[in-house]
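From first to last, the protein sequence lines are chains A and B.
In this text, residue positions in the first sequence follow full-length UniProt numbering: the first is 1, and each later residue adds one.
In this text, residue positions in the second sequence follow full-length UniProt numbering: the first is 1, and each later residue adds one.
All C-beta atoms in this analysis are idealised placements derived from N, C-alpha and C, irrespective of residue type, glycine included.
Note sheet for the following structure.
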Amino acid sequence: MGDTPRPAKKTAKSRPKPASANEPEFVQLLTPEGQRVKHPDYDISLTDDEYRGLYRDLVITRELDAQGTALQRQGQLGLWPSLLGQEAAQVGSGRALKPQDTVFPAYRELGVQWCRGIDLISSFALFRGTDLGGRDVAADRFNMYAIVIASQTLHAAGYAMGVAMDGAVGTEDGEAVVVYHGDGATSEGDFNEALIWAGVFNSPLVLFCQNNQYAISETNARQFRLPPYRRAEGFGVPGVLVDGNDVLATYAVTQSALDRARRGEGPSLVEAYTYRMQPHTTSDDATRYRDEAELDFWRAKDPIVRYRKWLAAEGLGDESYFAEVDTEAGEQVRALRARVMALTDPEITEMFDNVYAEMPPGIAAQRAEAVEFQASLEEGSDVR
Amino acid sequence: MTTMSMIKGLNEGLRRVLEDEPKSLVMGEDVGRLGGVFRVTDGLQKDFGSDRIIDTPLAESGIIGTAIGLALRGYRPICEIQFDGFVYPAFDQLVSQLAKIPNRSGGRVRLPVVVRIPYGGGIGAIEHHSESPEAYFAHTAGLKVVTCSNPNDAYWMIQQAAAGDDPVIFFEPKRRYHSKGEVDTERAGLDLYRARTLREGRTATLIAYGPTVDVAANAAAAAAEEGLDLEVIDLRSLSPIDWEPLFASVRKTGRAVVIHEAPGNIGVGAEVAARISEECFYSLESPVLRVTGYDVPYPASRLEDEYLPNLDRVLDAVDRSLEY
């Protein structure tokens with residue numbers, strides 16, 4: 001498929017090509033080599049502090065995510081879905097959001113959560129199994145992780161309908177809604193229904209597709225013949241393909257899509273072309289379906305390396321600044337790690353208490369029985 | 001007291017919800033301009049506008065999924081699934097999302113969504129238009145499941161379902177849609193999750209809900225002519241089930257027959273029988289019997305009279321119970 005470049009096969013004779021070769025026609029503002037390039041439709045202009053802030057976000061996100069993998073390997077989490085390689089897609093889009101915007105994540109959006117300034121502990125509690133990932137979603141404007149692929153796209157479409165019904169769009173300060181999903185999600189019915197809903201109700205929704213090239217082991221070739229950004233057009237929804245490893249381009253494209261939504265001009269889809277450097281989750285073995293050459297191809301497109309090069313070249317960051325960020329990342333990791341380790345097992349009553357607003361008598365009776373039974377076992381163990 | 005059909009009862013009940021609760025919405029296929037294929041929502045779009053009576057795309061998962069999103073935004077959607085057999089494309093959104101999101105959130109999120117589903121057979125329809133899928137939803141924690149059997153309940157139960165903060169699957173027995181009855185629009189009916197004893201008796205207890213309540217009532221009337229004194233209970237709520245009136249009745253009669261259109265295998269009647277066995281064991285004179293649809297797909301309509309529980313099958317079950 002023309003839109004999906006494959007890594008060139010390495011041969012003894014071939015010299016390594018620059019990483020910017022063989023890339024799809026996407027919006028890019030920063031090449032893998034750290035060269036700032038122009039695009040006819042998209043540009044970005046941030047303050048020096050904001051530019052530096054993106055670097056800090058990228059690095060801290062990567063380190064916190066790595067801690068998730070480490071905690072799983074140490075038996076402290078049951079599972080961890082790493083975002084390694086997708087930092088720019090998440091930070092670029094996450095930082096483009098305004099405070100009034102609402103996010104519907106999938107389950108790998110730790111970087112977006114970080115950018116929103118929301119306590120990350122809920123995501124770790126979910127993967128530790130101490131709760132189901134519950135948070136105050138209304139206050140956070142960041143919904144719970146959605147494990148069933150694409151299910152959240154419809155929730156976002158409905159929420160966005162409500163935003164429009166509330167009259168909260170139509171100005172530069174309007175509300176926008178963004179839903180995160182992957183390339184695999186585009187095969188689900190719910191994703192396609194969400195596009196229909198957003199289209200026919202002209203809702204303020206941005207569908208942000210992180211095309212990380214894999215749905216567990218399946219490549220794009222098994223999900224679509226036409227890439228998602230082009231499919232959106234068929235629903236009457238504009239689509240744009242952006243270099244998801246370029247934090248500046250992702251920021252610029254997402255901001256444009258969000259602004260369009262908040263002005264009341266309707267939905268759009270952003271396909272961020274990126275790569276999942278780790279297996280699907282800590283339970284997956286990616287060596288069964290991809291090789292080192294492919295990983296090398298994408299390592300050369302690393303989102304942080306290129307951004308750091310550019311910052312240094314622009315004089316926006318020097319070695320002491322980069323070291324300062326590393327130190328802060330280390331502190332963030334240590335603080336989070338301590339909190340994760342302190343998450344204790346929930347009480348047995350937790351499983352009963354939140355099922356209904358109005359608890360039915362049958363569940364109340366089972367709750368009492370379970371508590372009593374557990375207590376009886378504990379008494380018995382005292383005797384022994 | 002006003003005489004109205006079940007359709008009118010539902011329509012008037014929805015009208016009151018829309019008048020009293022500005023965040024309430026009606027959404028579904030053909031519910032607006034057409035007024036629904038059964039006309040349950042007739043005239044509502046004209047009076048409440050197309051922002052509150054929303055004609056949706058033809059996609060059931062989309063209807064429930066976007067209703068969840070609207071509820072997250074603070075709205076209180078009342079969805080219509082056009083026919084029982086069309087609910088399955090929405091199964092994930094109902095069972096894994098609507099039912100579980102409040103629990104997932106640790107009780108911080110409530111989803112006040114009502115899903116109306118016309119259900120059951122007896123109208124000579126083609127395939128997928130006569131099914132009774134209530135057991136799937138009654139089995140799912142996080143959902144509440146109710147069904148009305150008469151116009152007064154239709155009028156009040158839809159309002160009560162919409163007033164609560166839990167998701168409710170609201171089954172409407174479509175073959176009873178045009179049946180008429182007295183509706184008391186002044187005095188609120190029985191609480192939503194309560195069973196009703198509509199006929200008292202001492203010989204045996206008939207337990208029914210939705211479309212089979214009328215079957216049970218007719219069977220009891222016929223049995224009375226033969227000197228049998230049957231008690232009839234309308235469950236009304238299938239999740240949760242209001243157990244105490246059932247247990248009290250069976251402790252009195254010693255015999256129970258459960259009647260529903262859905263297949264008996266792993267159905268609501270199986271749960272009712274199991275619980276009665278647990279709670280009324282020493283009162284029982286015979287096993288709890290079930291009169292249900294057979295354990296086969298709903299048949300072609302020319303066979304539905306044989307498939308559906310009817311007066312003869314109910315009376316036969318009562319005889320078997322008494323002979324035990």
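Discussion item. Using 8 Å as the cut-off, can you tell me whether the segment 95 to 109 of chain B makes contact with the segment 37 to 54 of chain B, which would need three or more C-beta pairs spanning the two stretches below that distance?
Written reply: No contact exists between the segment 95 to 109 of chain B and the segment 37 to 54 of chain B.
Item to complete: Mind checking the segment 348 to 381 of chain A against chain B and listing, in chain order, the residues whose C-beta falls within less than 9 Å of any C-beta there?
Response: Listed in sequence order: 350, 351, 353, 354, 355, 356, 357, 358, 360, 361, 362 and 363.
Worksheet item: In or out: residue 181/A buried (at least 16 other Cβ within 10 Å) or exposed?
Response: Burial call: buried.
Worksheet entry | Contiguous alpha helix (DSSP H) assignments of at least 4 residues, all confined to the segment 243 to 286 of chain B | Fully enclosed alpha helix (DSSP H) runs of 4 or longer: 243 to 253 and 268 to 279.
Worksheet entry | Neighbour list for residue 389/A in chain B, Cβ cutoff strictly below 7 Å | Residue 389/A falls outside the range modelled here, since chain A spans only 1 to 384, and no answer is possible.
Discussion item. Is residue 179/B a contact residue of the ligand GTP, with contact defined as CB to any heavy atom under 7 Å?
Written reply: The model on display carries no ligand, and the ligand GTP is accordingly not part of it.
Practice prompt. Establish whether the CB of residue 137/A and some CB of chain B are separated by less than 8 Å.
Written response: So, interface residue.
Worksheet item: If we call anything under 8 Å between Cβ atoms a contact, is residue 13/B one with residue 154/B?
Response: Result yes, Cβ atoms of residue 13/B and residue 154/B sit closer than 8 Å.
Practice prompt. Please confirm if the segment 348 to 355 of chain A is in contact with the segment 155 to 164 of chain B, defined as three or more CB-CB distances below 8 Å between the two stretches.
Written response: No: fewer than three Cβ pairs fall under 8 Å.
Item to complete: Sort out for me which residues DSSP pairs residue 241/A with in a bridge.
Response: Residue 241/A is bridged by DSSP to 271/A.
Worksheet item: residue 318/A by DSSP, collapsed to three states: which one?
Response: Coil at residue 318/A, not helix or strand.
Worksheet item: Would a check of beta-carbon distances place residue 19/A closer than 8 Å to chain B?
Response: Interface residue (Cβ-Cβ distance to chain B less than 8 Å): residue 19/A is not classified as such.
Fill in: Integer-rounded CB distance, given that residue 9/B should sit under 8 Å from residue 152/B
Contact flag correct, Cβ pair sits at about 7 Å.
Worksheet item: Under the DSSP definition of a beta bridge, which residues are partnered with residue 210/A?
Response: Bridge pairing for residue 210/A: 182/A and 272/A [DSSP].
Worksheet entry | chain B contact residues for residue 196/A, given Cβ-Cβ distances below 9 Å | In chain order: 57, 59 and 62.
Item to complete: Check whether the Cβ atoms of residue 140/B and residue 154/A sit closer than 8 Å, and answer yes or no.
Response: For residue 140/B and residue 154/A, no; Cβs fall outside 8 Å.
Fill in: Proximal chain A residues relative to residue 45/B, where beta-carbon distance stays under 7 Å
Under the 7 Å cutoff, chain A gives no residues; its nearest Cβ is about 15 Å from residue 45/B.
Item to complete: With DSSP as the reference, label residue 81/B as helix, strand or coil.
Response: Three-state DSSP puts residue 81/B in coil, outside helix and strand.
Worksheet item: List, in order along the chain, the chain A residues whose C-beta lies closer than 8 Å to that of residue 93/B?
Response: Result: 151, 154 and 190.
Item to complete: Leaving out five residues on either side along the sequence, give the residues of the same chain with a beta carbon under 6 Å from the beta carbon of residue 61/B.
Response: The residues are 89, 90 and 93.
Fill in: residue 334/A in three-state terms, based on DSSP
Residue 334/A falls in the helix class under three-state DSSP.
Practice prompt. Throw me the rounded Cβ distance for the residue 311/A and residue 55/A pair, which I believe falls under 8 Å.
Written response: The C-beta distance from residue 311/A to residue 55/A rounds to 6 Å, short enough to meet the 8 Å contact threshold.
Discussion item. I'd like the list of long-range same chain contacts for residue 361/A, defined as Cβ closer than 8 Å, with 5 residues on each side in sequence excluded.
Written reply: Excluding positions up to five away in sequence, the list is empty.
Worksheet item: If we ignore side chains and look at the alpha-carbon of each, how far apart do residue 71/B and residue 146/B end up?
Response: Between the alpha carbons of residue 71/B and residue 146/B lies a distance of about 20 Å.
Worksheet item: In this structure, does DSSP put residue 234/B in helix, strand or coil?
Response: Here residue 234/B carries a strand assignment [DSSP, helix/strand/coil].
Worksheet item: Since residue 216/A contacts residue 280/A with CB under 8 Å, what's their CB separation in whole angstroms?
Response: Contact flag correct, Cβ pair sits at about 4 Å.
Discussion item. At a CB distance below 9 Å, what residues from the segment 66 to 83 of chain B approach chain A? Give them in sequence order.
Written reply: For the segment 66 to 83 of chain B, which is checked against every Cβ of chain A, the residues closer than 9 Å are 66, 67, 68, 69, 70, 71, 72, 73, 74, 75 and 77.
Worksheet item: Is the segment 297 to 314 of chain A touching the segment 240 to 254 of chain A in the sense that three or more CB pairs, one from each, lie closer than 8 Å?
Response: In short, these stretches touch, since the Cβ pair count reaches three.
Worksheet item: Would you say the segment 177 to 194 of chain A touches the segment 202 to 217 of chain A, given that touching needs at least three Cβ pairs under 8 Å?
Response: The segment 177 to 194 of chain A vs the segment 202 to 217 of chain A: in contact.
Worksheet item: Taking all protein chains shown into account, do 16 or more other C-beta atoms lie within 10 angstroms of the C-beta of residue 288/A, making it buried, or fewer, making it exposed?
Response: Exposed, since its Cβ has fewer than 16 Cβ neighbours within 10 Å.
Worksheet item: What is the DSSP secondary structure of residue 145/A, reduced to helix, strand or coil?
Response: In this structure, residue 145/A counts as coil in the three-state DSSP scheme.
Worksheet item: Considering only the beta carbon of each residue, do residue 241/A and residue 25/A sit closer than 8 Å?
Response: Yes, these two residues count as a Cβ contact at 8 Å.
Worksheet entry | Span of the alpha helix (DSSP H), counted from its first residue to its last, around residue 311/B | For residue 311/B, the enclosing alpha helix (DSSP H) has its first and last residue at 311 to 323.
Discussion item. So within the segment 149 to 178 of chain B, which uninterrupted alpha helix (DSSP H) runs reach at least 4 residues, ignoring any that extend past its ends?
Written reply: Listed in chain order, the alpha helix (DSSP H) runs fully inside the segment 149 to 178 of chain B are 151 to 163, counting runs of at least 4 residues.
Practice prompt. Name the residue from 148/B, 265/B, 178/B and 157/B whose alpha carbon lies nearest to the alpha carbon of residue 212/B.
Written response: Checked all of 148/B, 265/B, 178/B and 157/B; the closest Cα to residue 212/B is 148/B.
Discussion item. For the structure I just gave you, are there three or more beta carbon pairs, one from the segment 114 to 128 of chain A and one from the segment 153 to 169 of chain A, closer than 8 Å?
Written reply: The answer is no - the segment 153 to 169 of chain A does not touch the segment 114 to 128 of chain A, with fewer than three Cβ pairs under 8 Å.
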